[in-house]
Structure formats: C-alpha cells, structure tokens
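There are 2 protein chains.
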Amino acid sequence: MTLATRTQLISPFYVVEILGQVEKLEQQGVDVIRLFVGEPDFATPPAIIEAAKEALTHQSQGYVNSTGILELKQAIAERYQRWHGVSLDPNRVIITPGGSMALQLAFLATLNPGDEVLLPEPGYPCNKNLLHTVNAVGVPVYLEADQGMQLTLDALEKALTDKTKAVLIASPSNPLGSVMSKEQWQQVMQFCQQHSLQLIADEIYHGISFDGLAPSLLEVTQDGWVLQSFSKFYGMTGWRLGWLVAPENAVEACERIAQNLFLSSPVLAQQAALVGFQPEVEQLCFDRVAEIKRRRDFLMQTLPALGLNILANPDGAFYLYIDISAYSKDAKAFCADLLEKAGVAVTPGLDFGGPNPDSCIRLAYTVGIDRLQQAVDRIEHYLKTLTA
Amino acid sequence: MTLATRTQLISPFYVVEILGQVEKLEQQGVDVIRLFVGEPDFATPPAIIEAAKEALTHQSQGYVNSTGILELKQAIAERYQRWHGVSLDPNRVIITPGGSMALQLAFLATLNPGDEVLLPEPGYPCNKNLLHTVNAVGVPVYLEADQGMQLTLDALEKALTDKTKAVLIASPSNPLGSVMSKEQWQQVMQFCQQHSLQLIADEIYHGISFDGLAPSLLEVTQDGWVLQSFSKFYGMTGWRLGWLVAPENAVEACERIAQNLFLSSPVLAQQAALVGFQPEVEQLCFDRVAEIKRRRDFLMQTLPALGLNILANPDGAFYLYIDISAYSKDAKAFCADLLEKAGVAVTPGLDFGGPNPDSCIRLAYTVGIDRLQQAVDRIEHYLKTLTA
Ligand SMILES: Cc1ncc(COP(=O)(O)O)c(C=O)c1O
Ligand SMILES: Cc1ncc(COP(=O)(O)O)c(C=O)c1O
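So the protein lines, in turn, are chains A and B. Here the UniProt record's numbering is used: the first residue of the first sequence is 1, the next is one more, and so on. Here the UniProt record's numbering is used: the first residue of the second sequence is 1, the next is one more, and so on.
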C-alpha cells in the first residue's frame with residue numbers, strides 16, 4: 001500500500017545526521033562541543049518549574065479551551081502593550097502546542113492546495129516541509145550576501161506568481177540572527193497588501209535580541225499573522241507551548257481548526273507559563289539574553305580573524321550563519337570533518353537553503369564563553385591543517 | 001484577504017454551545033449534572049503526578065527525539081505483549097502530542113488531496129474536520145439501529161469509490177461505546193487488503209472496556225495503523241500525550257513528518273507517563289474502569305425503563321448513545337430543554353453524524369452513581385412533563 005505523495009517531498013534534516021555522529025563520538029569518550037542544536041542551554045526558569053509543581057498539586061490537568069486559558073491570553077496581550085506599545089484584544093491570541101503548531105494553524109487557515117508561500121532563504125528548514133502537510137508550496141526567495149542578506153521587495157516581486165498567497169518572514173531569523181526593523185515590516189506589509197498576500201511573521205525568537213527589543217509586525221498592522229513560542233526566550237522547548245496572533249476576522253476559523261487539530265494545548269505548561277510574565281522572571285530571561293549577547297560579541301571578534309565570514313547582522317536569536325568558502329565548497333563534508341578532527345559540531349547550510357548552502361554553516365552559540373573559546377581554538381587549529 | 005476554503009468546511013461542535021449554556025446556568029447558581037464532556041472525571045493518578053514533580057526537579061525539559069523517548073516506546077511495546085500477546089518493535093511506536101496528532105500523522109502519511117476515508121457514523125466529530133486539514137474527504141458509512149449499530153462489509157462496500165484510500169474505525173467507539181471483536185477486525189482488515197485500503201484503528205479508549213480487554217487491530221495484522229492516547233485510561237487529557245503504531249514501511253516517513261509537524265511531544269508528560277506502566281498504577285486505572293462499568297450497568301438498568309433506547313452494546317469508553325425518538329425528533333431542542341428545565345447536560349446526536357442524529361443524544365457517564373441516580377430522576381421527571 002502506497003503512502004501519500006507528500007512523504008516523498010518532506011526532506012530529512014542534516015542536523016539529525018550530525019546528532020547521530022555526535023552521539024557516536026561521545027559514546028567513544030570524545031569531547032564534542034555542541035554548536036548545532038536549536039535550543040538555548042538555559043533551563044526553564046526555577047519560578048516556572050515551581051509554578052508547575054504547584055499546579056500539579058492544586059490544579060486539574062483536564063482539557064481546557066482549545067484556544068487556551070484566558071488568563072494566559074490576557075498576560076500575552078498585556079505584554080504586547082508593555083514591550084511594543086500595542087493594544088491587542090486577548091481573543092486574537094490563540095495558545096498552541098509550540099510555535100510549530102501556530103505555524104501549522106496559520107497555514108491551515110490561509111492556504112489552499114497549490115498555493116505558494118514566499119520563504120526568504122536561508123531560513124527555517126521546517127517551513128517548506130510543513131507547507132507540504134497542507135499541500136501548499138514554499139517558494140524560496142534568496143537572500144544575497146552582497147545585499148547583507150537583507151530581504152528586498154525586488155526579490156519578493158520577482159518570485160510572485162498568480163498562485164502566491166502569503167509571505168513568511170522570521171525575525172529574529174534562524175539561521176541568520178537578523179532582525180526586521182519597523183520600516184522593513186512596514187514595507188513588506190505594504191507589498192503584501194498591494195498584492196493581496198497574507199503576511200506571516202515568525203517571531204518565536206522575540207525577546208532574544210541585542211539591540212533593544214525586535215519590532216513586532218503587530219506594531220505596524222492588525223492584519224498580519226504573528227507566531228510566538230515559549231521555547232526559546234523562556235527555555236521551555238520541551239513543554240510545547242506557543243501562540244498565534246490571528247487577524248480579527250480569522251479568529252473564529254482558527255478556533256474551529258484548533259478544536260479539531262489539537263483539542264487543547266498542554267495544560268500544565270499553560271498554568272506554569274503564567275508566572276513567566278512576572279517582572280522577576282522576565283528579568284531573569286533578559287539577563288540570559290545579556291549573556292547570549294556577550295557570546296555573540298566574542299564570536300564576532302574572533303571568527304572573522306580566522307577567515308570565516310559572518311553573513312548578515314546577527315542581532316538576535318543565538319545563531320551565526322557563516323560563509324566558509326575560503327576553506328570549502330562542500331559544507332557537509334566540512335562539518336563532518338570538523339566534528340571528527342576537532343570535536344566541534346555545527347550544521348551544514350544545506351538544511352537552510354538559500355543561494356549558497358554548500359559554502360555555509362550555522363553555528364549555534366548555546367554554550368558558555370569558556371567553551372566557545374575552546375571551540376574557536378579548535379576551529380583555528382583545524383583550519384590551519386586545511387591550508388597547511 | 002480570503003481564508004482557505006477548508007475554513008468553511010470545518011464545522012463547529014454543538015457540544016461547545018452546550019458548554020456555553022451550562023456555564024451560564026452555573027453562574028446563575030443552577031446545579032447542572034454534566035454528562036456531556038468527553039473526558040473521565042478521574043484525575044491523573046497520584047503516582048504520575050509525583051513522577052512529574054520528580055522529573056521537574058531532576059530532568060531536562062528540552063526537546064527530545066521527535067518520535068519520543070525510547071524508554072516510553074519500549075514500555076508501550078511491552079504492554080502490547082502483556083495486554084494483547086503481540087510482539088511489537090518499539091521503533092514502530094511514535095509518541096505524539098495527544099491521540100489527535102497521531103490521527104493527523106496517520107492522515108498525513110497516507111492521504112493525498114481528494115482521497116476518501118470511510119468513517120462509520122455516528123462517530124468522532126473531529127474525524128471529518130481533521131480530514132479537511134489534509135484536503136481529504138470523510139465519507140460516512142451509516143451504522144443502522146436494526147443491525148445493532150454494527151459495521152457491515154456490505155455498507156463499506158457500498159461506500160467504495162475509486163478515490164477510497166482508507167477506513168478509520170474507533171474501538172471502543174465514541175459515541176457508541178461499542179467494541180470491535182477480533183473477528184470483526186479480521187474481516188475489515190481482509191476487506192481493506194482486497195481493496196488496497198489503509199486501515200486506521202482509533203484505540204484511544206483502550207483499557208476502558210467492560211468485557212475483558214478490547215482486541216487491538218495489532219492482534220490481527222502488522223500492516224494497520226493504530227492510534228492511542230494517555231488521555232482517557234490514564235485520565236491525562238490535558239497532558240497531550242498519545243502514540244501511533246505505524247506499519248514498518250511507514251515509520252521513516254512518519255518520523256520525517258513528526259520532525260516538522262511538532263518537533264517533539266510534551267517532554268514532562270513523557271517522563272511522567274513512564275510510571276503509568278507500573279503494575280500498581282495500571283491496577284488503579286483498572287479499578288476506575290470497574291467503577292465506570294458499575295455506572296454503565298446502573299444506566300442500562302434504569303434508562304430503558306424510561307423509554308430511552310440505548311443503541312449498540314456499550315462495552316467500553318464511557319458513553320451511551322441513546323435513541324430519544326419516543327420523545328423528540330429534534331435532539332438539539334431536546335438537549336437545550338433538558339438542560340434548562342432539568343439541569344442535565346447531554347450532547348445532541350448532530351455532532352456525531354449517522355443516519356438519525358436528530359433523534360439521538362450522547363450521554364457521558366463521567367459522574368459518580370449517586371449523581372447518575374439524580375440525573376435519572378431528573379430525566380424521568382422531565383420526560384413525564386413531555387407526555388403529560
Ligand atoms: C524559526 C523557527 N520557527 C519556529 C520554530 C518552532 O519552535 P517551537 O515549536 O519549539 O516553538 C523554531 C524552532 O527551532 C524555529 O527556529
Ligand atoms: C474517538 C476519539 N479519538 C481521538 C480523540 C483524541 O483525544 P486526545 O487527543 O486527547 O488523545 C478523542 C477525544 O475525545 C476521541 O473521542
């Protein structure tokens with residue numbers, strides 16, 4: 001019996017191969033510096049852990065409303081006011097099982113089979129695969145190094161067809177770390193309105209930015225789709241909690257989809273996440289962001305000196321996207337070799353698409369500065385062997 | 001900007017309306033007996049709560065493998081051996097965020113746009129809506145009262161078209177409570193093989209059955225799809241944890257879909273659910289099933305005497321599907337009236353489809369026997385006012 005066609009379209013991730021190799025080496029006792037995983041090394045804040053324990057003792061763990069606990073929706077809406085000066089109706093906030101399901105929900109609400117979505121690349125590898133689950137198509141829009149990896153309206157325009165239905169932009173970006181300015185959001189939103197396209201903003205790295213808070217799409221429009229997650233800023237990847245802010249006229253449809261797709265988001269996570277909006281907990285997370293910024297600064301000072309060209313301005317998230325063409329045009333082989341010979345694990349560009357995946361790698365700075373120093377030393381030594 | 005066409009196809013639930021009315025009445029101080037919710041009234045077993053607290057203290061809450069923690073997959077495989085005498089490769093077990101996502105995963109792996117899935121009705125309301133999310137189509141196969149609401153091969157055969165790709169059967173069934181025998185699974189599987197159809201078994205109420213364990217599709221074939229959940233037997237609805245057993249040749253594709261669709265199932269739930277397989281915890285759950293059986297027996301003795309005809313043999317889950325045609329041919333109005341005049345909340349048949357939704361209601365016996373006695377008294381009194 002044959003499987004669905006989409007099963008042939010959904011590509012595997014190279015990072016999973018890397019993970020396999022890393023685990024094998026570690027089992028052999030090799031010390032590997034893990035710079036390939038897309039999750040912060042900071043654990044869930046103690047206050048959230050404690051709140052979860054309290055909730056386990058005192059609160060029911062039954063189904064709740066498919067769109068989430070009202071109090072949590074209110075806390076989120078209120079944060080948009082505090083962080084972005086935006087007044088948001090809590091009803092537009094739909095709590096989801098991770099940012100992943102927020103993305104899926106936005107796709108399900110907007111896309112018919114065959115519809116095309118413009119995806120700036122390099123970008124998040126799941127996007128085009130997730131689009132296959134709704135039988136839609138991701139159309140890459142290449143970000144070019146000679147334009148600082150900035151998205152241009154020109155590039156969007158060139159990718160338009162009569163099937164284009166939406167544009168999906170992540171800010172801060174994975175793997176670039178680049179951040180959309182308010183003006184850029186404005187321009188893209190205007191472009192989308194001109195061409196009757198939905199604009200979907202993946203803001204799941206929000207909070208983790210180094211030059212003040214990254215502007216939210218909500219600052220420029222009430223008609224866009226914004227997805228968010230507790231995964232990164234709150235170090236809650238395994239809890240599976242995120243949210244979608246939908247345009248007013250789509251909320252009711254999203255609610256119906258949610259009722260069927262996932263019934264309810266993880267309830268304990270919702271009960272616990274509530275304390276994440278308390279000033280002390282937010283402050284703890286911002287202190288962590290300050291530490292992440294120190295790591296970024298350290299790498300920006302050390303890596304270019306090794307002939308490694310950092311693409312874009314990494315002003316958020318915890319990734320550097322690095323041009324290694326001075327050393328290799330086969331990033332996959334480069335990564336495998338760097339891992340084996342130097343014990344440093346990074347991800348080949350192939351996972352992220354874009355114009356030059358074969359000469360790029362992603363480095364996730366999810367280890368402390370001491371360990372990063374060690375990584376830089378190992379990389380330096382390894383690169384010397386290549387040019388020797 | 002227009003939304004996706006499927007947003008018009010996904011129907012809302014009447015039970016949500018009922019919930020709204022119930023909450024309004026309760027706010028007015030009215031005592032409502034809640035017999036409309038699809039979740040057990042038993043809380044998560046204390047041992048699982050304790051395990052969760054332990055895990056919060058000692059274990060990481062980061063992403064885990066998209067298909068789940070190996071230990072949990074092994075415990076599940078081992079339970080199929082204990083419960084069903086079936087040897088199962090743990091690799092075929094894919095942990096999911098609730099049975100809902102297991103269903104979605106099976107659909108995504110098997111169905112192309114336009115493919116048809118045969119759905120015995122009355123059945124679980126989400127099925128046909130979920131099928132719209134993958135652009136497939138649910139084709140109802142009516143279960144008839146004069147055949148004891150049993151699925152016949154004849155009825156399946158009549159519904160076949162050249163687009164039919166799969167058959168989805170729930171056992172124990174929601175809303176009927178009926179259970180597929182091993183022979184019935186065998187017959188349907190044979191039918192599916194003859195017609196090159198996938199067979200998907202929704203076994204999420206497994207464990208909650210009153211005449212021994214309900215047979216699993218895995219007892220008759222290795223080529224079917226079986227979905228399960230911690231929601232009902234373990235009283236863990238809000239934790240969002242379930243699993244899919246996929247055919248060997250589909251496991252790798254399911255893994256790729258899971259990596260994109262949900263990344264990881266809730267991790268704390270996985271860590272905690274592990275203790276659910278300990279003999280004492282399983283025993284506690286079976287003791288609860290014994291209590292659920294006593295409730296069923298009580299209702300089977302009292303309701304028919306009121307002229308309420310219980311359809312099918314409710315041998316599992318915690319639902320009765322009741323023919324109210326002696327009193328009304330408008331179940332929606334009947335339910336609203338019963339709620340308002342007698343303070344008993346049940347669900348109109350309309351949510352579940354089938355041949356006679358307008359003369360049927362679903363009663364969920366998720367309250368204790370004392371409270372059920374009260375409900376029966378109230379219903380009796382209410383019915384008398386109708387015939388007076
Ligand atoms: C750009 C981007 N969007 C969405 C996600 C989904 O994350 P989650 O489902 O944990 O919220 C990720 C995870 O790495 C990501 O990098
Ligand atoms: C027949 C049936 N299948 C699947 C589900 C999904 O449940 P969950 O996602 O909580 O496992 C339900 C929930 O009520 C159900 O009744």
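Where is the CB? At the ideal position from N, CA and C, for every residue including glycine.
#1: From this set, A:Gly148, A:Ala145, A:Leu168, which residue's C-alpha is nearest A:Leu156's C-alpha?
#2: Relative to ligand 2, is the shortest distance from any of its heavy atoms to the C-beta of B:Asp202 smaller than 7 Å?
#3: Which first and last residues belong to the alpha helix (DSSP H) in which A:Val16 is found?
#4: With hydrogens ignored, establish whether the beta-carbon of B:Thr133 is closer than 7 Å to any heavy atom of ligand 2.
#5: Could you tell me if the beta carbon of B:Ala273 falls within a distance shorter than 7 Å of some heavy atom in ligand 2?
#6: Which of the three DSSP states is assigned to A:Asp211 in this structure?
#7: Count the other CB atoms, across all protein chains shown, that sit within 10 Å of the CB of B:Ala290; report buried if there are 16 or more and exposed otherwise.
#8: Please report whether the beta-carbon of B:Arg256 lies at a distance below 8 Å from any beta-carbon of chain A.
#9: For my contact list, A:Gly276 and A:Ala43 are in at a C-beta cut-off of 8 Å; report their separation, rounded to the angstrom.
#10: Taking only three categories from DSSP, how would you classify A:Ser229?
#11: Just tell me which of A:Leu9, A:Ser11, A:Thr2, A:Ala55 has its CA closest to the CA of A:Gly268.
#12: Do B:Glu280 and B:Ala51 count as a contact pair if the criterion is CB distance below 8 Å?
#13: Is the segment 330-341 of chain B close to the segment 91-102 of chain B, with three or more CB pairs under 8 Å?
#14: Please tell me whether A:Leu244 and A:Leu227 are closer than 8 Å, where the distance is taken between their beta carbons.
#15: Can you give the Cα-Cα distance for A:Ile76 and A:Pro90, rounded to whole angstroms?
#16: When you compare only the Cα positions, how much space is there between B:Ala102 and B:Thr67?
#17: List the whole-angstrom C-beta distance separating B:Leu261 from A:Leu130, where the pair is believed to meet the contact cut-off of C-beta under 8 Å.
#18: Can you find a heavy atom of ligand 1 that lies under 7 Å from the Cβ of A:Asp177?
#19: Output the distance between the C-alpha atoms of A:Leu35 and A:Pro120, rounded to the nearest integer angstrom.
#20: Here's a check: name, in chain order, each residue in its chain whose Cβ is nearer than 7 Å to the Cβ of B:Gln59, leaving out the five neighbours to either side.
#21: How far does the alpha helix (DSSP H) with B:Asp297 in it reach, from first residue to last?
#22: Can you name the start and end residues of the alpha helix (DSSP H) that A:Gly242 belongs to?
#23: Could you check how far apart the C-beta atoms of B:Phe352 and B:Pro172 are, in whole angstroms? I think they sit under 8 Å.
#24: Ligand 2 and B:Ser100: does any heavy atom of the ligand fall closer than 7 Å to the residue's C-beta?
#25: Helix, strand or coil for B:Lys165 per DSSP?
#26: If you drop the 5 nearest sequence neighbours on each side, which residues of the same chain put their C-beta closer than 7 Å to that of A:Gln259?
#27: Could you name the residues of the segment 108-123 of chain B whose beta carbon sits closer than 7 Å to any beta carbon of chain A, in the order they occur along the chain?
#28: Quick one: what's got a C-beta closer than 8 Å to B:Arg378's C-beta in the same chain, skipping five residues either side?
#29: Return the first residue and the last residue of the alpha helix (DSSP H) that A:Gly98 is part of.
#30: Using the beta-carbon count (16 or more within 10 Å), is A:Asp315 buried or exposed?
#31: Could you list the residues in the segment 252-281 of chain A with a C-beta less than 8 Å from some C-beta on chain B, going in chain order?
#32: Quick check: the segment 15-33 of chain B against the segment 236-255 of chain B, are there 3 or more CB pairs under 8 Å?
#33: Compare the C-alpha of A:Met149 against each of A:Leu386, A:Asn356, A:Gly138 and name the closest.
#34: Can you name the residues of chain A whose CB is closer than 7 Å to the CB of B:Pro97?
#35: Who are the neighbours of B:Cys126 on chain A, taking C-beta pairs under 9 Å?
#36: Could you confirm whether any beta carbon from chain A is found closer than 8 Å to the beta carbon of B:Gly62?
This is what the structure holds:
#1: Position 156 of the first sequence, counted from the start, is the residue given in the question as residue 156 of chain A. Of the listed residues, the one whose Cα sits closest to A:Leu156 is A:Leu168.
#2: Start at 1 with the first residue of the second sequence, and residue 202 of chain B comes out as number 202. Annotation for B:Asp202 indicates a beta carbon within 7 Å of some heavy atom of ligand 2.
#3: Residue mapping note: residue 16 of chain A aligns to position 16 of the first sequence, counting from 1. Here the alpha helix (DSSP H) through A:Val16 covers 14-27.
#4: Here residue 133 of chain B is taken as the residue at index 133 of the second sequence, counted from 1. It does not: the Cβ of B:Thr133 is nowhere closer than 7 Å to a heavy atom of ligand 2.
#5: The sequence position of residue 273 of chain B within the second sequence is 273, counting from 1. Proximity of the beta carbon of B:Ala273 to ligand 2 is not indicated: no heavy atom of the ligand is located closer than 7 Å.
#6: By one-based count along the first sequence, residue 211 of chain A stands at place 211. A:Asp211: coil per DSSP, three-state reduction.
#7: Locating residue 290 of chain B in the second sequence gives position 290, counting from the first residue. With fewer than 16 neighbouring CB atoms inside 10 Å of its own CB, B:Ala290 falls in the exposed class.
#8: On the second sequence, residue 256 of chain B is found 256 positions in, with the first residue counted as 1. Interface residue (Cβ-Cβ distance to chain A less than 8 Å): B:Arg256 is classified as such.
#9: Your numbering for residue 276 of chain A matches position 276 in the first sequence. Your numbering for residue 43 of chain A matches position 43 in the first sequence. Contact between A:Gly276 and A:Ala43 does not hold, since the beta-carbon distance rounds to 13 Å and is not under 8 Å.
#10: Sequence index remark: in the first sequence, residue 229 of chain A carries index 229 (1-based). It is a strand residue.
#11: What you label residue 268 of chain A is simply residue 268 of the first sequence in a count that begins at 1. What sits at residue 268 of chain A in the sequence shown is Leu, not Gly. Nearest C-alpha to A:Leu268: A:Ala55.
#12: Here residue 51 of chain B corresponds to residue number 51 of the second sequence, with the count starting at 1. Here residue 280 of chain B corresponds to residue number 280 of the second sequence, with the count starting at 1. No, these two residues do not count as a Cβ contact at 8 Å.
#13: Here the segment 330-341 of chain B makes no contact with the segment 91-102 of chain B; the two share fewer than three CB pairs at distances below 8 Å.
#14: For the purposes of this step, residue 244 of chain A is identified with residue 244 of the first sequence, where counting begins at 1. For the purposes of this step, residue 227 of chain A is identified with residue 227 of the first sequence, where counting begins at 1. For A:Leu244 and A:Leu227, yes; Cβs fall inside 8 Å.
#15: Reading the first sequence from its first residue, position 76 is the one you call residue 76 of chain A. Reading the first sequence from its first residue, position 90 is the one you call residue 90 of chain A. If you draw a straight line from the Cα of A:Ile76 to the Cα of A:Pro90, it is about 7 Å long.
#16: Here residue 102 of chain B corresponds to residue number 102 of the second sequence, with the count starting at 1. Here residue 67 of chain B corresponds to residue number 67 of the second sequence, with the count starting at 1. C-alpha separation (whole angstroms): 11 Å.
#17: Locating residue 261 of chain B in the second sequence gives position 261, where the first residue counts as 1. Locating residue 130 of chain A in the first sequence gives position 130, where the first residue counts as 1. That belief holds up - the Cβ atoms of B:Leu261 and A:Leu130 are roughly 7 Å apart, short of 8 Å.
#18: Mapped onto the first sequence, residue 177 of chain A falls at position 177. The displayed chain sequence assigns Gly, not Asp, to residue 177 of chain A. Outside the cutoff, so no.
#19: As a working mapping, residue 35 of chain A is identified with position 35 in the first sequence. As a working mapping, residue 120 of chain A is identified with position 120 in the first sequence. Straight-line Cα distance between these residues: approximately 23 Å.
#20: As a first step, residue 59 of chain B is located in the second sequence; it is residue number 59 there, counting from the start. Excluding the 5 residues flanking it on each side, B:Gln59 has same chain C-beta neighbours closer than 7 Å at Gln271, in chain order.
#21: Taking the second sequence and counting its residues from 1, the one referred to as residue 297 of chain B is at position 297. Note, B:Asp297: alpha helix (DSSP H), 279-302.
#22: Residue mapping note: residue 242 of chain A aligns to position 242 of the first sequence, counting from 1. Residue range 242-245 is occupied by the beta strand (DSSP E) that includes A:Gly242, with no alpha helix (DSSP H) assigned at that position.
#23: On the second sequence, position 352 is the one that residue 352 of chain B refers to. On the second sequence, position 172 is the one that residue 172 of chain B refers to. Wrong, their Cβ atoms sit about 14 Å apart, outside the cutoff.
#24: For the purposes of this step, residue 100 of chain B is taken as residue 100 along the second sequence, with counting starting at 1. The answer is yes for B:Ser100.
#25: Numbered from 1 along the second sequence, position 165 holds the residue referred to as residue 165 of chain B. If DSSP states are grouped into helix, strand and coil, B:Lys165 belongs with the strands.
#26: In the first sequence, residue 259 of chain A corresponds to position 259, counting from 1. Around A:Gln259: Ser66.
#27: Within the segment 108-123 of chain B, the residues whose Cβ lies closer than 7 Å to some Cβ of chain A are Leu108, Ala109, Thr110, Leu111, Asn112, Pro113, listed in chain order.
#28: For the purposes of this step, residue 378 of chain B is identified with residue 378 of the second sequence, where counting begins at 1. Around B:Arg378: Ile33, Ala342, Gly343, Val344.
#29: To locate residue 98 of chain A, count along the first sequence from 1; it is residue 98. From DSSP, the alpha helix (DSSP H) with A:Gly98 extends over 98-110.
#30: Position 315 of the first sequence, counting from 1, holds the residue named residue 315 of chain A. Burial call: buried.
#31: Within the segment 252-281 of chain A, the residues whose Cβ lies closer than 8 Å to some Cβ of chain B are Ala253, Arg256, Ile257, Gln259, Asn260, Leu261, Phe262, Leu263, Ser264, Ser265, Pro266, Val267, Leu268, Ala269, listed in chain order.
#32: Touching, no.
#33: Counting from one through the first sequence, the residue named residue 149 of chain A turns up at place 149. A:Met149 has its Cα closest to that of A:Asn356, out of A:Leu386, A:Asn356, A:Gly138.
#34: Your numbering for residue 97 of chain B matches position 97 in the second sequence. Correct list: Pro97, Arg240, Phe262.
#35: As a first step, residue 126 of chain B is located in the second sequence; it is residue number 126 there, counting from the start. Chain-ordered, the chain A residues with CB closer than 9 Å to the CB of B:Cys126 read Gln259, Asn260, Leu261, Leu263.
#36: Sequence index remark: in the second sequence, residue 62 of chain B carries index 62 (1-based). Answer yes: the Cβ-Cβ gap between B:Gly62 and chain A drops below 8 Å somewhere.
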